[in-house]
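For what it's worth, UniProt numbering labels the leading residue of the sequence shown as 1, then goes sequentially.
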Amino acid sequence: MTVPSNCDMTAAETNVRLFTTEYLGPLVNNQREGAGEEIWFEDGTPNHQKYKGQFLRDTLHGQGQYIWSRNGEETIYEGSLYSSNLEGYGRFVRPDGTVFEGLFKNNARFGPGVDSFVDSTQTVGLWYGNNLIRLCQVVKPEWVPKVAHTSVGKAILLRYKKLVTVCNGEEDIAREVLKSINAEEEVIEKSDLLYNRCIRHPKSTFFNRAVYDSKFFSVSDCYIDITVGSDESICDVEREIERAKNVEYLQSEWDRINSAILEGVSEENVSGSSEQEENDMEELCAKRDLLEGAISFERSKPRTKKVLVTELLAWNNEDISIEIMKHAFLHRNFEKTVSYLASNVLVGNRTEFNQSSAYEADCVAFLSNCSSGHLKKVSELLLTHDLNPDMCDAMGNSGMMYAAARDRRQIIRVLVNFGANVDVYNDECLTPLSLCILRYLAVQNDVVNWELAFLKSSLAVETDLLRWRPHESLVSLSEQQKSKQNLNPHSSINLKFCNRQELIDSADLFPMQMMFKRTSDAKNLQDRYLQLEEAQPFLFNTDCIKPPVHKSVKTKTLQPKKKLVVQVESEPNHSDILQVERLNSIRLTISTLLDYGADPNEGEVPMPILLSAIFTKNIDIVEGLLAHKADCNARTLDEELTALHILVSLPPWDGVGEMAKLLLAYGANPNLRATTLHWLEEKETLVGKHQLTEVDEGKTPLHLLSMRYDFTSDTIGELAQILIAGGAKPSEYYLGHTPLSLAVLRGNIKLINSLMESGKVDPNQLLGEEMGVALGVLILKRYTNLPRYEDCEQIIQSLVYYGANPFNSTGPCGNLMEFMAEEFAEPTPKGKRKPKQVKGGKETTRVKLKAFLENIARFVLDKHIKGWVVQQLYHAQNYDDEFAKNMAHYVPVAEVVDLAQALFYRGEIRVKPKSHSKLRELVEFIAGVHPKSHLDVEKALENFDYRKLPPKLGFLDLPQPQVERHSDKYDVCYHCHKKQNRQLFRCPKCKVVYFCSEECNLLSNAREKWGHPCKVAFYSEALRDWKAKEKEKMARDTDTEDSEGGYYGAGKFHKGHRGRGSAAKAGKRSTATTGKRGAATTGKRSAAASGKRSAATTLKTRKERSAQKGKLGTRKGGAASSNRGKTKGEWDQEASLDSEFATVVRRRHRLPKTYQCFLEKIAIYWPELDLSALFVPYACYNNGQLYYRFHFQNVVFGETYSLV
C-alpha cells in the first residue's frame, strides 16, 4: 500500500516500520484477491494500520476503508483504491476532526473536493495535490475584460473549445507485440500470459491494466443514457428487461405485504391486537406505501438507450483542466460516495456550501493582489501559504491573467519565478498574451463592447437547421426559462411557449421562426441589441471593400466643415496623449510576456495571436511575435485566412509593405489558399450564370489583392510586387482567373503595371472557364459591371505595351479576333429580327471595346510586318527584285531607322559602328520607293545607338511585334485577322499579307489607313487556280504535300473548331532575296492546339490535386454541374456545408460550426439564458452527435445534434 501524503494524514508518518501482518480473506494463486481484511502491527507499539475492502493480486483494489492508528488517534479513508493507490472519490477524516471529500488520483487530490473544518468553514474547489487549482467563486470579474457578455457571444465561443478524446481504450501492448511478429490468432488470444501477475505498478510495461480496469470500472462508465422517443424502436433492451424485473419484483413484494396487512386486519377484528402488533402493522403500511412509490417511479422512467462517449467538450482548454474533466467524467458514477453534490463544484456553484476557510480566503487575496500590483503581498502569499501560482477563479482567470489585464509587469516576473504558466487559458479560451493584444486593439479603437468588436456571428442559413433534432432541446429550454421567470418576477422577458406537438409540427415547417411567440418586450430587447451592434463595429472585418458611392452635392457642402475639423484636431489633445501612454504600457506587457516564454501560437480567440496583431498595424508587435517563433502560416478557424490574406484584405496604410516583407522574411507562404467562404459574394460576381467546370480551391493573397475595388493607393501595386518577390505564383488560377485577369476585370491599372513590372507575369497566359486571355476578359458577356470605357482602353494599351499579343492563342477559338467573333455571335431565331442594341447601355461598352481591340490587332500586325520587312530587306543582297519594292511600301521612311534600332537591340540585325553603309542603303532604297517623303538620311543615322542595351530589369522578356521573329500566328487575313476554317492566299505582288476571302481583299484595297498597298484583287482567281490544282491532284491520286506553284503562290487552309487548335505551327521561311514567306503544311499540328493541351494538362493536374484532398474535393466537384443560376442564399448554404465538412475533417477536435450557429439562433430568442452553462459539467460527443443535459442534476442526456 502506498501511503498517502502528509496533507491527507497529518498524524501519521510515512516512514513506518511494519512487523506483523494478519490477513482474513480468500487467496487466488497464493495472492490476496476478493473481499478481505488485513492489519499491519508496528513492532512494540499499539500503532497499527488496517484495511477492509477489495483485493486484487495482492493489491488494495476497489472500494474499501483504510485506517491509520497512531498514538490512539485514527486517520480514516473511505473510498476507491486502484492498485494500492487512492483513485476515485473518497472521504478522508483526520484526527483533528477535519474532513476532506473529493476526487483522488495517484494518492493525491485531483478534481472536485471540499475540505471541511471544525469551525464550519470549508475550502471548496478543484484540487491539484495539496493546493486548490480552481476556486468556485469569481474574484473581481470587472478586472479582466470579458469577450462574451450575452448568450449569443458565449455560443460563439463554444467553437473554440476543444473536443477531448475519452474512453478510447488502453493499448494492449502484448497483443501489439504478437501481431508485429505475425503470431497466430490462437497465440494472440493468450496475450494475457505475457503480463506478470506479480507486477503491481501501473506504469510498468508488464502491468496488466485491462484486468485491473475490469475490476475497477464498470462497462457503463464510458456510456451515457439518452432518452428515446416513444416512436423509436431502438432502446436499451437490457435496461428494459431490468426495469420489467424490478417492477415484477416490487409488485410481488407489494402483494406479499398487502396480503400480510389484510390478514393482520382480519385477525385484529377477531381477537384484538397488542401495542407491538399495531407498530408492526404501521411498519408494514409504510413499506407498502414505499413500494407503491417505487413501482410508480420505475414505470414512469423514460425509455433510454446507452451511447458510448468518445469525446467531451472541454470547459477550459488548459491541459490540467482537461485532465481533471476526463478523470471526473470516468468516476461520475461514484459521486454518490461523497456528501455533497459534486456537480456544484464542477460548475462553480459556491452558494451551496459553508463560509470560506482561511486558506480559500488567502487564494482570493492572492488573485486580488495580482491584479492590484501588490508585489510584497503576492510574494508572501506564495512563500508562506503554499499556494499554487496557477490557481484561478471560477472563470478560469489566474494570477497571471489578472496581472496581464492591468499591466502588472513586476507581478508577471514574480509569478514566472514561482513557476506560473505564462500561457494559461481562461474559460473564454484567452491567454494572457491574446488578452493583451485585444486590450491594445480596444484602446486603439475606443472599443466599449468587446463582444461586438471581436466576435463575429456565423449563423447558418435557415435550411441547415432541418438537420437538427431540436424538439427535446427547445422544450427543455422553455421549461427551464419558465422556472427561471417564476423565480424572477421582474424579468424583462415574457415568452409564450407552444405545447410539444405544436412545437414539433411548426419546427418541420419553419425551423426557427415558428417555434415560439415573442412579445413586444422581447422584440424591444433585440432592437436594443441591434442598435448596440451598429454603434460598435466589428474590428476583425476582412470583407471586400466596395467602391464608395460619390455624391457630389454632399461633398461640396461638407468641404468647409472638413477644413474646420482638421484645424481642431491639430490642437493638443490630452485624451490622445493618455491613449498613447496606455498603448505603450500594453506593448511593454506584451514584450514582457514574450520575454518570459509566452507562446504566441497558443490561443485562437478570436483568431490566432499573430493574425490579431496584424490589425494593430504595429510592426514592432508583429516582429516581436515572429521573433518568438509565432507561426506565420497560422490560419483562422472558419475561413482559414493566413496573416498575408488578412494583410491584403485590410485598407492600406503606411507600413503595410514593410509588414508584408517581415512576414515573408519569417517564412510566410504566399500561396496558401483560404476557404470558399471568404468573399463569397465576389465569387458570385465572378461566376454569375456561368456553369463552373473547375473546383473552387479558394483564393491566394495575390488573388484577394487583385479583386479589391479600393486601388487608388500605390500600396496595392507595392504589395503585389512584394508578394511575387517573396514567392507568390502569379500563374495560379481562381475560378479560371489569374491575378492579372482579376485586376483587369476590376480596372486596377496600377496593379496591372506592377504585376507586369515584376517580370514573372505572362499576359498571354491562357485562362480557364473558356475565358481566353487577359486581353479579352473585358468583352466577355458574363460580366456586365465593367470599368469605365476610358479605363478599359488604358488597360488594353498597358497590356499590349507589356507584351500581350492579340494574335496569340486564346484556346480552342484561335486568336483574339476569332475569340471575339464567337463571343459576340448571337444566333437569331428564324422569323425574328435581330434585337437592336440600346445606345448608352452596358452593351455599348463591349461593342466599343471590340472595335478598339480590332484596331489594336491591326496596329500590332502592322508593326510586325514593318519590322519583318525591314529585317528581310536589310539581309537582302540587292533591291532589284520587284517583290522588294512592293515590300518597301509597307514601311514609312520616317520609321526605318527606329525599326532598325529596335532590331539591333534585339540582336536580329548587326550594324558595324564605323560603317553603316548597309543601313544607309536600306534607308535610301525605301526613301526612293516613297518619292514624296523628305528625310535627311545623314541626320537620321547620326542618332543611331551602337551599344547593346541590357533587357529592362524586372520586365518579362516578351518581344514587341516589330522585333518578334515571324511565326505563323501572324499568317492571318490582313483585313479581318482570322484564319480558322478559312482558305488563305498570299498577295502575288508583295508576298507579305494574306486574305481569306474576296470581300476582305477588296475592303482592304479600299482602306486608306492600314490598307493593302498593292491594291490588287487576286483572291477569286487564286481560289480558282487552287481548286483546279486540287482537282488535278485528286485525279492523279497523289499523297505528296502541297508544293508552291501557280502565279499566286500556295494557299493555306486552317482547320479549327471547338476542342482543337487554330493556329498552324510555324514553317520554314524562304530566303530574303525572294521576299517569300514560307507556308506551313496543312497537316502540321498547330501551336494553339499545343497551347491548349498544355493549359488543359495544367487544369487537369490542379483538379487531380483537389481530388486527392479527400471528400471535400469530391463534394465540390460533384456540385459543379449545378452551379448555374444560384441565388446568394444557395451560394451561402453550399459554401457553409463545404466549409463545415472540411472543418470537421481537418479539425475534429473542435465543435462543428453548424452546431455553434444553431446555439446562436437559440441565444437570440432566449437572451437571458446562458446556453454555455448547459455544457457543464459534461457535454458528450460521439460520431457527429452531441449530447448534453439541460440541468446538471439530470441523469439522462438529450440527443440534440447530428451531422448525419
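Where a beta carbon is used, it is the ideal one built from N, C-alpha and C, also for glycine.
Annotation for Y402: W143, V144, L367, C370 and S371 place their beta carbon closer than 7 Å to its own, counting only its chain and skipping 5 residues before and after. C-alpha of R91 to C-alpha of K326: approximately 21 Å in a straight line.
In the structure shown, the three-state DSSP call for C392 is strand. For S80, there is no enclosing alpha helix (DSSP H); the residue is found in the beta strand (DSSP E) stretching over E73 to Y82.
Look at W1010 here: in three-state DSSP terms it is coil, with no helix or strand label. Residue state for Y946 is assigned as coil, using DSSP reduced to three classes.
In this structure, L262 keeps its C-beta atom at 8 Å or more from the C-beta atom of L291.
C392 counts as buried, since at least 16 other C-beta atoms from the protein chains shown sit within 10 angstroms of its C-beta.
Secondary structure note for I133: its beta strand (DSSP E) is the uninterrupted segment N131 to L135.
Non-local beta-carbon contacts of L751 in its own chain, meaning distances under 8 Å to residues more than five positions away in sequence, involve L705, S706, F711, I716, G717, A720 and A743 in chain order. Nearest to Y51 by C-alpha distance, out of T45, G44 and R32, is R32.
Under the three-state reduction of DSSP output, Q983 falls in the strand class. Spatial neighbours of K661 in its own chain (CB-CB distance under 8 Å, excluding positions within 5 residues in sequence) are listed in chain order as I722 and G726.
By the 16-neighbour rule on beta-carbons within 10 angstroms, L56 is buried. Annotation: the continuous beta strand (DSSP E) that includes E38 extends over G34 to F41.
In this chain, the beta strand (DSSP E) harbouring C1180 covers A1179 to N1182. Of N196, I590 and T845, the smallest CA-CA separation from R413 is found for I590. Boundaries for A108: no alpha helix (DSSP H) harbours it, while the beta strand (DSSP E) harbouring it runs A108 to S116, taken from the DSSP string.
When the Cα atoms are used, P112 and A394 turn out to be separated by approximately 13 Å. Per DSSP, R70 is one residue of the beta strand (DSSP E) stretching across T59 to R70. Counting C-beta pairs closer than 8 Å gives fewer than three between the segment 443-450 and the segment 621-637, which falls short of the contact rule. About 15 Å separates the CB atoms of C973 and C1014; that is not less than 8 Å, and the two are not in contact. In the structure shown, L786 falls within a coil segment according to DSSP collapsed to helix, strand and coil. For N1001, the three-state secondary structure derived from DSSP is helix.
Here DSSP, grouped into helix, strand and coil, assigns C973 to strand. DSSP links E581 through a beta bridge to no other residue. Between the C-alpha atoms of G373 and L86 there is a straight-line separation of about 39 Å. If you check the CB distance, K866 and Q794 do not come in under 8 Å. Annotation for L705: the continuous alpha helix (DSSP H) segment containing it runs P701 to S706. Taking all protein chains in view, the Cβ of F540 is crowded by 16 or more other Cβ atoms within 10 Å, so the residue is classified as buried. Straight-line measurement puts the Cα of W68 at about 10 Å from the Cα of W40.
Taking one beta carbon from each stretch, the segment 312-325 and the segment 202-217 have fewer than 3 pairs nearer than 8 Å; the two do not touch.
Taking each of D638, Y596, L644 and E639 in turn and checking the Cα distance to A613, the smallest one comes out for L644. For F92, the enclosing beta strand (DSSP E) starts and ends at N85 to V93. Within the DSSP bridge table, the entry for D225 names K306 as partners. In this structure, DSSP gives K848 a helical state, which the three-state scheme calls helix.
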